[in-house]
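Residue numbers (the numbering used here), protein chains in the order written: chain A, 1 to 167; chain B, 168 to 334.
The C-beta atom is built at its ideal place from N, Cα and C for all residues, glycine as well.
Read through the structure below, which is laid out as structure tokens, and then see the notes.
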DNA sequence: GTTGTTATTGAAAACCATTTTCATAAGGAA
DNA sequence: TTCCTTATGAAAATGGTTTTCAATAACAAC
């Protein structure tokens with residue numbers, strides 16, 4: 001195994017051990033095997049701020065591990081979404097996008113601002129507190145009224161970014 | 168021209184004239200021709216509470232006008248979305264769904280509760296006032312901060328309906 | 001009503017993200 | 001290391017949507 005970096009006072013880390021520790025534990029804890037492909041996908045997701053599509057992720061994984069195929073990336077993403085480690089989004093451009101669901105400090109909130117011109121996506125956290133309060137209240141009300149067990153929500157704003165507006 | 172119904176004190180209405188008057192004016196006002204297929208699609212959309220896919224709409228149109236093809240339904244929906252008469256939604260089941268954007272009294276709000284089990288979709292209006300107030304405020308803030316011209320928003324809750332929870 | 005121009009159409013083929021198939025490879029408990 | 005099972009890659013299949021292209025229909029001008 002190739003030694004890669006040693007960023008703290010613990011033992012040397014291998015490629016298999018960097019980043020997303022809790023994710024790997026979760027995968028194994030759910031009874032799935034940890035493989036190079038799964039690790040590589042988690043690695044890509046935990047090292048980006050972008051909203052990557054399956055193919056984006058495949059291309060980045062492919063740089064380091066050319067043996068990992070697109071099919072496996074799809075399968076891995078599907079698995080990660082199912083066990084709740086990853087969120088899958090649709091911004092209307094015909095391909096799904098994926099984001100790590102939570103950081104080390106717990107659930108993040110994923111609200112988006114989407115440019116319908118160029119497809120640029122901004123993750124915003126402004127107003128999140130107020131939104132969360134309203135969402136919680138709404139969620140409770142809707143759950144009761146419509147007898148739904150609500151597990152998730154989605155808020156997206158669509159518009160044109162500065163660049164696209166100029167044209 | 169086939170006479171169909173006469174539901175008020177005005178002149179007899181033809182099939183071409185029932186329902187969605189403002190929609191037809193908008194289509195022509197934007198420089199497009201009014202055709203049987205376009206009229207039929209608008210007719211289906213203005214007579215349903217459901218969230219129909221392109222194929223759903225095609226099948227309903229096909230009952231009355233078997234000569235209208237699926238391709239035209241797609242093209243018409245695309246046109247209607249572009250001129251703002253129709254909203255296109257994605258609920259994550261791999262096919263787009265369409266809803267008339269506004270009723271005679273102005274813009275409606277389209278917020279959804281989606282069952283991830285069976286795909287059932289509920290349009291809710293509960294909490295809309297509070298949501299709209301927050302959305303407006305958020306919209307203004309985000310517009311300013313990120314330099315976006317926001318034109319639209321989307322709120323969806325995902326969960327399991329009563330029936331799906333029992334399984 | 002007729003004509004002429006041009007947008008619109010249907011059918012079939014193309015497209016493309018995603019899924020399935022199936023034989024092979026690799027994880028990991030014993 | 002062995003063995004069983006899960007995971008994998010390559011290729012084919014799938015399915016919603018779009019494109020192509022020749023034929024048709026809308027509608028403005030006559």
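- Say whether chain A places a C-beta atom closer than 8 Å to the C-beta of residue 329 of chain B. yes
- According to DSSP, what are the bridge partners of residue 90 of chain A? A/96
- Message: Taking 8 Å as the threshold (C-beta atoms), are residue 51 of chain A and residue 121 of chain A in contact?
- Response: yes
- Message: Just to check my reading of the structure: residue 324 of chain B and residue 113 of chain A have Cβ atoms closer than 8 Å, yes? What is that Cβ distance to the nearest angstrom?
- Response: About 20 Å separates the two Cβ atoms, so there is no contact after all.
- Going by the CB atoms, is the gap between residue 228 of chain B and residue 211 of chain B shorter than 8 Å? yes
- Item | Strand pairing of residue 323 of chain B, partner residues [DSSP] | A/154, B/279
- With 8 Å as the threshold, decide whether the Cβ of residue 325 of chain B is near any Cβ in chain A. yes
- Going by DSSP, which residues form a beta bridge with residue 53 of chain A? A/97
- When DSSP labels each residue in this structure, what does residue 15 of chain A get in the three-state scheme? Any reading at residue 15 of chain A must be qualified, since the residue scores a pLDDT of 42, below 50, and its modelled position is unreliable; the value itself is stated next. Residue 15 of chain A: coil per DSSP, three-state reduction.
- Item | CA nearest to the CA of residue 108 of chain A, picked from A/28, A/126, A/94, A/21 | A/126
- Task: Going by CA-CA distance only, name the one from B/250, B/240, B/258 that's closest to residue 197 of chain B.
- Result: B/250
- Query: In terms of alpha-carbon separation, which member of A/34, A/131, A/132, A/144 lies closest to residue 79 of chain A?
  - Reply: A/34
- Query: Mind checking if residue 50 of chain A is an interface residue toward chain B, Cβ cutoff 8 Å exclusive?
  - Reply: no
- Which value, in whole angstroms, describes the spacing of the CA atoms of residue 12 of chain A and residue 110 of chain A? At residue 12 of chain A the pLDDT is 40, less than 50, meaning the model places this residue with poor confidence and gives no usable figure here.
- Item | Closest by C-alpha distance to residue 115 of chain A, when choosing among A/136, A/92, A/100 | A/92
- What is the DSSP secondary structure of residue 290 of chain B, reduced to helix, strand or coil? strand
- Query: Looking at the C-beta of residue 80 of chain A, does it have a partner C-beta in chain B at a distance below 8 Å?
  - Reply: no
- Query: Which one or two residues does DSSP pair with residue 207 of chain B in a beta bridge?
  - Reply: BP columns for residue 207 of chain B are empty, so no partner.
- Query: Closest Cβ-Cβ distance between residue 123 of chain A and chain B: below 8 Å?
  - Reply: no
- Message: Using a Cβ-Cβ cutoff of less than 8 Å, which residues in the same chain neighbour residue 285 of chain B once the five nearest sequence positions on both sides are dropped?
- Response: 328, 330, 331
- Message: Please state whether the Cβ-Cβ distance between residue 301 of chain B and residue 77 of chain A is less than 8 Å.
- Response: no
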